[in-house]
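Q:
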């Protein structure tokens with residue numbers, strides 16, 4: 100038995116004589132070509148899924164204007180009512196995403212709407228801070244200059260005097 104440098108025993112295996120390859124013709128026949136992959140038909144979502152995404156896209160585009168209109172017409176009560184409707188829409192959009200049926204365009208519009216809603220804070224007066232805090236609990240915070248999140252609470256810094 101041979102030993103290696105770590106002093107572990109190694110067995111030697113002897114398979115006998117070398118194999119004679121002298122008459123073998125190497126690379127005589129090329130290997131068979133694989134069949135070309137079958138082209139899959141492009142995915143076409145159900146008409147119901149397309150319609151849902153179009154409706155969400157329309158609602159998301161209109162959301163900042165509807166919110167501002169409700170604020171001008173009814174004040175904080177109108178905005179609070181809108182917040183309830185908006186929360187329901189957010190839940191439905193989440194469900195659409197979890198089902199794997201959300202289009203990239205719908206996701207992009209949702210993020211754009213979030214940015215626009217948070218920019219509306221500058222147009223609203225100080226009395227809107229409660230509503231902005233509600234938005235921040237529903238949406239990701241993008242505007243770090245006017246809002247900060249500490250210990251789960253939203254701290255608002257007034258940008259106008």
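Residue numbers (the numbering used here): 100 to 260.
Even for Gly, the Cβ is constructed at its ideal location relative to N, Cα and C.
Please read all numbers here as calculations on a predicted model, not as lab measurements.
Can you tell me the Cα-Cα spacing of residue 116 and residue 126, whole angstroms?
A: Cα-Cα distance, rounded: 25 Å.
Q: Whole angstroms are fine: how far does the CA of residue 205 sit from the CA of residue 169?
A: Each residue's Cα considered, the two are about 24 Å apart.
Q: Identify the continuous alpha helix (DSSP H) that holds residue 188 and give its terminal residues.
A: Per DSSP, residue 188 belongs to the alpha helix (DSSP H) from 175–197.
Q: Who are the near neighbours of residue 193 in its chain, counting only those whose CB is closer than 6 Å to its CB and skipping five residues on each side?
A: Counting only Cβ-Cβ distances below 6 Å, and skipping sequence neighbours, we find nothing.
Q: Excluding five sequence neighbours on each side, which residues of the same chain lie with their C-beta closer than 6 Å to the C-beta of residue 202?
A: Within the same chain, residue 202 has close Cβ partners 152.
Q: Just mark residue 114 as buried or exposed, buried being the case when its beta carbon has 16 or more other beta carbons within 10 Å.
A: Burial call: exposed.
Q: In three-state terms, what does DSSP make of residue 239?
A: Bear in mind that the predicted position of residue 239 carries a pLDDT of just 49, short of 50, making it too unreliable to give a figure here.
Q: Measure the beta-carbon distance from residue 217 to residue 155 and round it to whole angstroms, keeping in mind my assumption that it falls under 8 Å.
A: Actually they do not touch by this definition, with Cβ atoms about 19 Å apart.
Q: Using a 10 Å radius around the Cβ and a threshold of 16 neighbouring Cβ atoms, would you call residue 163 buried or exposed?
A: It is buried - the Cβ of residue 163 has at least 16 other Cβ atoms within 10 Å.
Q: Does DSSP put residue 157 in a helix, a strand or coil?
A: Looking at residue 157 - three-state DSSP - the assignment turns out to be helix.
Q: With a cut-off of 8 Å on the beta carbons, I'd call residue 200 and residue 148 a contact; round off their distance for me.
A: The Cβ separation is near 5 Å, so the contact holds.
Q: Nearest-angstrom Cα distance between residue 219 and residue 191?
A: Each residue's Cα considered, the two are about 23 Å apart.
Q: Might you give, ordered along the chain, the residues of its own chain that have their beta carbon closer than 7 Å to the beta carbon of residue 188, omitting 5 neighbours on each side?
A: For residue 188, where only same-chain residues beyond five positions count, the Cβ hits under 7 Å are 158.
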